[in-house]
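Participant: In my numbering, the protein residues as written are 424 to 672.
Don't be surprised by glycine CBs; every beta carbon is placed ideally from N, CA and C.
Owing to the predicted nature of the structure, the values given are computational and were not obtained by experimental measurement.
Here it is: the structure, laid out below.
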Amino acid sequence: MMKDLKTLYQDPQAVKSYWENSTEARLAGEERQRFVSQQLYNFIWRTTVDAFIERAELKRQPDAHLLDVGCGWGRVIVGLKQHLPTLRVVGMDLTERLLHLAEDIVPSETGMNDVRFVRGNAQYLPFADASFDAVISTRVLQYVQDPVAAVAEFHRVLRPGGRAVVFLPNKWNPYLRLKYHTKLYSPLEVKGWFEAVGLRRVRAASIRLVPGWRRVGAHIMLPIEKALQRVPVINYTGGLVAVQGLKEV
Ligand SMILES: C[S@@+](CC[C@H](N)C(=O)[O-])C[C@H]1O[C@@H](n2cnc3c(N)ncnc32)[C@H](O)[C@@H]1O
C-alpha cells in the first residue's frame, strides 16, 4: 500500500486494496447501521443527490437507465431511487466488499430490489456501447489512473442525447487544498476531459459551497447552497467539482 494517498491513483492494485480494507468496507452490525444513518439524509447527501437529478435532467426521464460509476455502498443510489423510484439503476464499483454492502443497504433503505450491482473498473466499463441514458459518478475519478480514459468510457456507453455528470474533490476549494488526502482536479481540468472525448454542451462549476453543519437543518442550508451555485467565480470553489456534458445525437 502506498503511504502517500495523493499518488494512490497511479497504482490500480493499491487503490483496490485501499478500498477493500477501508473502514466502510469492513463495517458490520450496529456499527454499520450507525455509519449509514450518519451518511444518509443529511444536507451533504441531499446536495449531491439533488445536483445529480438536476444536472442529468432525470425528472424529465424518470425511467431512465442510469449507471453510477464507483457507487460504493450505494449512498447516492438510495437518494435517487427515493426521489425517482422508476429509474433503472446499475451501480458499478471496483470493490466487491462495498458492492455487497450496497446489495443490503439499497433495498433496506428504499424498499426496492431492482438495482443491479456489477463489479468493474471505470476505465474499462463492462457494458455495451450506447446502453445508458445517464452516467453519473461522484468522488471516484481522483482514484483512477487515467481519468480521461474513464470519461471516454462514459461517452461510449451513453446513448446519443444521454448525459454524463461527474463530481470530484475540487482543487480550487481552499480548505481541500490544505487538507484533502487524494489527488485534486479543478473544474476547468475536468471540463477539458469532457471536451477531449467529444462530449458537447459541457458545463463546469462546483457544488458543496456550504459546509455540512449537522445542527443547521437542510431546509436552511439547501437554499443558501443553491444561491451560491449561481454566483460567478464563487461557483468554482465548492468542495466538489461538478461537470456535465451531452453525447451528441
Ligand atoms: C470516496 S468513495 C465514493 C463512493 C460513492 N460514489 C459515494 O460518493 O458515496 C470512492 C469509490 O470509488 C471506487 N473506485 C476507485 N477506483 C475505481 C475504479 N477504477 N473503478 C470503479 N470504482 C472505483 C472505490 O471502490 C470506492 O467505492
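Leaving out five residues before and five after Met425 in sequence, what residues of the same chain have Cβ atoms less than 7 Å from its Cβ?
Facilitator: Residue mapping note: residue 425 aligns to position 2 of the sequence shown, counting from 1. With a pLDDT of only 48 at Met425, under the threshold of 50, the placement of this residue in the model should not be trusted, and no figure is reported.
Participant: For Asn544, which beta-bridge partners are listed by DSSP?
Facilitator: Translated into positions along the sequence shown, residue 544 becomes position 121. Answer is Tyr547.
Participant: State the Cα-Cα distance for the pair Glu453 and Ala619, rounded to the nearest angstrom.
Facilitator: The sequence position of residue 453 within the sequence shown is 30, counting from 1. The sequence position of residue 619 within the sequence shown is 196, counting from 1. For Glu453 and Ala619, the distance between alpha carbons rounds to 46 Å.
Participant: Beta carbon of Asp516: closer than 6 Å to some heavy atom of ligand 1?
Facilitator: As a working note, residue 516 is residue 93 in the sequence shown. Within the cutoff, so yes.
Participant: For Tyr547, is the beta carbon positioned less than 6 Å from some heavy atom of ligand 1?
Facilitator: Sequence index remark: in the sequence shown, residue 547 carries index 124 (1-based). No, the Cβ of Tyr547 stays beyond 6 Å of every heavy atom of ligand 1.
Participant: With a threshold of 8 Å, are at least 3 pairs of Cβ atoms found where one atom belongs to the segment 557-564 and the other to the segment 582-601?
Facilitator: Contact holds: three or more Cβ-Cβ distances are below 8 Å.
Participant: Can you tell me whether Val492 is helix, strand or coil according to DSSP?
Facilitator: Within the sequence shown, residue 492 is the residue found at index 69, counting from 1. Three-state DSSP puts Val492 in a strand.
Participant: Kindly indicate the opening and closing residues of the beta strand (DSSP E) around Ser560.
Facilitator: The sequence position of residue 560 within the sequence shown is 137, counting from 1. Segment 555-561, the beta strand (DSSP E) holding Ser560.
Participant: Return the Cβ separation of Val538 and Lys504 in integer angstroms, given the expectation that the two are a contact with Cβ distance under 8 Å.
Facilitator: For the purposes of this step, residue 538 is identified with residue 115 of the sequence shown, where counting begins at 1. For the purposes of this step, residue 504 is identified with residue 81 of the sequence shown, where counting begins at 1. Yes, Val538 and Lys504 are in contact; Cβ-Cβ is about 7 Å, under 8 Å.
Participant: Out of Lys614, Lys649, Gln546, which one is the CA nearest neighbour of Val664?
Facilitator: Numbered from 1 along the sequence shown, position 241 holds the residue referred to as residue 664. Of the listed residues, the one whose Cα sits closest to Val664 is Lys614.
Participant: Apart from the five residues just before and just after Trp442, which ones in its own chain have a Cβ nearer than 7 Å to its Cβ?
Facilitator: What you label residue 442 is simply residue 19 of the sequence shown in a count that begins at 1. Correct list, in chain order: Ala448, Leu517, Thr518, Leu521.
Participant: Between Trp442 and ligand 1, is the CB less than 6 Å from at least one heavy atom?
Facilitator: Residue mapping note: residue 442 aligns to position 19 of the sequence shown, counting from 1. Yes - ligand 1 has a heavy atom lying nearer than 6 Å to the Cβ of Trp442.
Participant: Considering only residues of the same chain and omitting the five flanking positions on each side of Glu576, which have a CB-CB separation below 8 Å?
Facilitator: Indexing the sequence shown from 1 puts residue 576 at position 153. The answer, listed in chain order, is Ala545, Gln546, Tyr547, Leu548.
Participant: Could you give the distance in angstroms between the alpha-carbon of Thr470 and the alpha-carbon of Ile630?
Facilitator: Sequence index remark: in the sequence shown, residue 470 carries index 47 (1-based). Sequence index remark: in the sequence shown, residue 630 carries index 207 (1-based). Straight-line Cα distance between these residues: approximately 8 Å.
Participant: Who pairs with Gln667 in a beta bridge, going by DSSP?
Facilitator: Indexing the sequence shown from 1 puts residue 667 at position 244. According to DSSP, which records beta bridges pairwise, Gln667 is partnered with Val588, Arg626.
Participant: Using only CA atoms, which one of Leu428, Gln456, Phe466 lies nearest to Ile647?
Facilitator: Against the sequence shown, residue 647 aligns to sequence position 224. Minimum Cα distance to Ile647 is reached at Phe466.
Participant: Gln436 by DSSP, collapsed to three states: which one?
Facilitator: Locating residue 436 in the sequence shown gives position 13, where the first residue counts as 1. Three-state DSSP puts Gln436 in a helix.
Participant: Residue range of the beta strand (DSSP E) that Val513 falls in?
Facilitator: Taking the sequence shown and counting its residues from 1, the one referred to as residue 513 is at position 90. Taken as a continuous stretch (DSSP letters only), the beta strand (DSSP E) holding Val513 covers 511-516.
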